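Number of protein chains: 2
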Amino acid sequence: MNNTRFATVTHILSILAKSPDEWLSSDWIAGSIQINPVIVRKELSTLQQQGWVITRKGKEGGSKLLVPSNEITLADIYKTVKNSDVLGKVNLNPNPKCPVGKDINNELEGLFVEIYETVLGALEHRTLESFVKKFN
Amino acid sequence: MNNTRFATVTHILSILAKSPDEWLSSDWIAGSIQINPVIVRKELSTLQQQGWVITRKGKEGGSKLLVPSNEITLADIYKTVKNSDVLGKVNLNPNPKCPVGKDINNELEGLFVEIYETVLGALEHRTLESFVKKFN
DNA sequence: CTAATTGTAGTAAGAGTTATTACAATTAGA
DNA sequence: TCTAATTGTAATAACTCTTACTACAATTAG
């Protein structure tokens, strides 16, 4: 991955988890991450689609966690933001007349799945709750 | 990662491993991957720096493996081509006045290292030799 | 009614990726 | 020695992705 979405979403969720009873505005959250509030609103929109967050419009609006922080794992977050494979992409048209070219994409894609599952395994046991405990 | 370098380098090494006694030209290799020969020459240049490949210029030139294919693991290849972390990048300037912003980059970077090592662990037991056995 | 806030479209700057052209340097073999 | 094939590498272009930012309609509390 070559973006900050995992970091941004994890930061947003951490802040929400620290104040589970307050409606926090996108401007306030953006001020902690020091990024543009529009980015925060876009990520909050995907977090709503996940069912993790509820958002209220208008004055005194903002967002809140809808799910206990021990029910969200870092693996869940990774699944939500992942947009590329750990080992990158396969080449589009390897030559089918070559013994290697003919089969390499099958082999690589199998490997990509295996590595993806390995990463999920390493993230599954870590919850948002345990991640947030480190901040005071 | 968001590029094809792992796939390309693995393809190049696989082809070299299949014909360990021949000098294979970048054009020939490029024809199997169906990418531009200049890309292949660039990757061959990094493979020479690794000490994995020897290249001969001029007419009848080309490249050959310099190391037995059971001494190169997919983890070695990943280390060579990796240019981003599995979980992406941290945000550049989280707010130090916020308890989360103050420490999140340390936490995330520790996590990134842990995931990197997990991926290496999953790739270490796979050699180029075993990978190449699948092609005929 | 007012002020604060979300939702979202549109645009722009910058970085990274791949393909491609071009050509000097090198080398085997006739 | 000459020729043809090949590597090494710089330069450029097209394309995609990422982030920042502006703008503004829609919503809502007080």
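Going down the list, the protein sequences come from chains A and B. Numbered by my numbering, the letters in the first sequence go through residues 31 to 166 in order. Numbered by my numbering, the letters in the second sequence go through residues 31 to 166 in order. Built from N, CA and C at the ideal position, the CB exists for glycine as well. Note that this is a predicted model, so its numbers are computed, not measured.
Residue i - DSSP class collapsed to helix/strand/coil
i                : result
Thr40 (chain B)  : helix
Ser93 (chain A)  : strand
Ile84 (chain A)  : strand
Thr157 (chain B) : strand
Nearest-angstrom Cβ-Cβ length linking residue i and residue j, presumed shorter than 8 Å
i                : j                : result
Ile107 (chain A) : Phe36 (chain A)  : 6 Å
Met31 (chain B)  : Asn113 (chain B) : 7 Å
Gly91 (chain B)  : Trp58 (chain B)  : So it is not a contact: roughly 11 Å between Cβ atoms.
Gln79 (chain A)  : Thr85 (chain A)  : Going by Cβ atoms, the distance from Gln79 (chain A) to Thr85 (chain A) rounds to 11 Å, so no, they are not a contact pair.
Leu74 (chain A)  : Ser56 (chain A)  : 6 Å
Proximity winner among the options, relative to residue i (alpha-carbon distances)
i                : options                                   : result
Ile42 (chain B)  : B:Ser160, B:Lys94 and B:Lys89             : B:Lys94
Val162 (chain B) : A:Pro129, A:Arg156 and A:Ser56            : A:Pro129
Leu153 (chain A) : A:Ile69, A:Pro50, A:Ile102 and A:Glu137   : A:Ile102
Val149 (chain A) : A:Lys109, A:Lys72 and A:Ile134            : A:Lys109
Arg156 (chain A) : A:Lys132, A:Ser49, A:Ser99 and A:Asn135   : A:Ser99
Pro97 (chain B)  : B:Thr85, B:Gly81, B:Ser160 and B:Asp133   : First, the amino acid is wrong: residue 97 (chain B) is Val here, not Pro. Of the listed residues, the one whose Cα sits closest to Val97 (chain B) is B:Gly81.
Ile63 (chain B)  : B:Ile45, B:Gln78, B:Ser75 and B:Asp51     : B:Ile45
Ser160 (chain B) : A:Ile145, A:Glu137, A:Tyr146 and A:Glu159 : A:Glu137
Val168 (chain B) : B:Asp133, B:Gly88, B:Thr34 and B:Lys48    : There is simply no residue 168 (chain B) to check, as chain B begins at 31 and stops at 166 in what is shown.
Ala105 (chain A) : A:Ser49, A:Pro50, A:Asp51 and A:Leu158    : A:Leu158
Lys132 (chain B) : A:Gly61, A:Leu74, A:Asp51 and A:Pro67     : A:Gly61
Asp51 (chain A)  : A:Lys87, A:Ile145, A:Asn135 and A:Val83   : A:Val83
Thr76 (chain A)  : A:Val111, A:Gly88 and A:Asn135            : A:Val111
Can you check the region 86-132 of chain B for any beta strand (DSSP E) of at least 3 residues that lies completely inside it and give the ranges in chain order? 92-95
When the Cβ atoms of the region 114-129 of chain B are set against those of the region 122-135 of chain A, are three or more pairs found closer than 8 Å? no
Is the region 38-57 of chain B close to the region 130-145 of chain B, with three or more CB pairs under 8 Å? no
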